[in-house]
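When the letters of the sequence shown are read in order and numbered with numbering that gives the first Met the number 0, they come out as residues 0 to 151.
Backbone N, C-alpha and C define an ideal beta-carbon position, used for all residues, glycine too.
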Amino acid sequence: MRIKLTVNGEVREAEAADHESLLTVLRDNLGLPGSKNACEQGECGSCSVLMDGDLVCACLVLGAAAAGRNIQTVESLNDGDRLHPVQRAFVDAGAVQCGFCTPGLVVATADLLAHNPEPSEYEIREALSGNLCRCTGYAKIFDAVRLAAGRA
0 MRIKLTVNGE
10 VREAEAADHE
20 SLLTVLRDNL
30 GLPGSKNACE
40 QGECGSCSVL
50 MDGDLVCACL
60 VLGAAAAGRN
70 IQTVESLNDG
80 DRLHPVQRAF
90 VDAGAVQCGF
100 CTPGLVVATA
110 DLLAHNPEPS
120 EYEIREALSG
130 NLCRCTGYAK
140 IFDAVRLAAG
150 RA
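Below, the structure written as structure tokens:
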């Protein structure tokens, strides 16, 4: 089925088979590889995107269900060659190891800070609880969130 959706501020059309996830539509059909395909079960958060302003795992949303919706991926955050403040904080804090979880964590952090620019430690941990990282042990990730919040 052909669907029309707004992705990163641009109206796009894409094919979405009945069984395809939004993640597949974004990566394979629209050429947006930023959201990562890791668990395909909504457990790791690597595919986190904003759908109509709500943080969702793109692997759990059927592509057809995204028709008419507004989707923001990690690709929407930077401004040309200039990194988004959250992306810059992740780099500056050394919170990127293999980088596989980073897009989902960046989207989740940007969403957190958009709603709560001065989150407590508990609020940071709660907001990122749906994102798994196998490399960093989270300390540098939490440092990056605090750094981004401090710069905002």
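Residue i: buried (16+ other C-beta within 10 angstroms of its C-beta) or exposed?
{"i": "Pro116", "result": "exposed"}
{"i": "Cys58", "result": "buried"}
{"i": "Cys97", "result": "exposed"}
{"i": "Gln40", "result": "exposed"}
{"i": "Gly153", "result": "The requested residue 153 does not occur in the structure, where the chain is confined to residues 0 to 151."}
{"i": "Arg26", "result": "buried"}
Helix, strand or coil: which one does DSSP assign to residue i?
{"i": "Thr5", "result": "strand"}
{"i": "Asp51", "result": "coil"}
{"i": "Arg124", "result": "helix"}
{"i": "Leu104", "result": "helix"}
Nearest-angstrom Cα distance between residue i and residue j?
{"i": "Gly33", "j": "Glu12", "result": "18 Å"}
{"i": "Glu122", "j": "Leu111", "result": "9 Å"}
{"i": "Pro84", "j": "Ala147", "result": "6 Å"}
{"i": "Ala94", "j": "Asn130", "result": "13 Å"}
{"i": "Glu120", "j": "Thr23", "result": "34 Å"}
Would you mind giving the Cβ-Cβ distance between residue i and residue j, rounded to the nearest angstrom? I have them listed as a contact below 8 Å.
{"i": "Ala107", "j": "Gly62", "result": "Ala107 to Gly62, Cβ: 21 Å. No contact."}
{"i": "Phe89", "j": "Val105", "result": "6 Å"}
For residue i, which residues of its own chain have a beta-carbon under 7 Å away from its beta-carbon, when the five flanking residues on both sides are left out?
{"i": "Gly151", "result": "For the record, residue 151 in the displayed sequence is Ala; it is not Gly. Pro84, Leu112 and Pro116, listed in sequence order."}
Who are the Cβ neighbours of residue i in its own chain at under 6 Å, not counting the five residues just before and after it?
{"i": "Val144", "result": "Thr108 and Ile123"}
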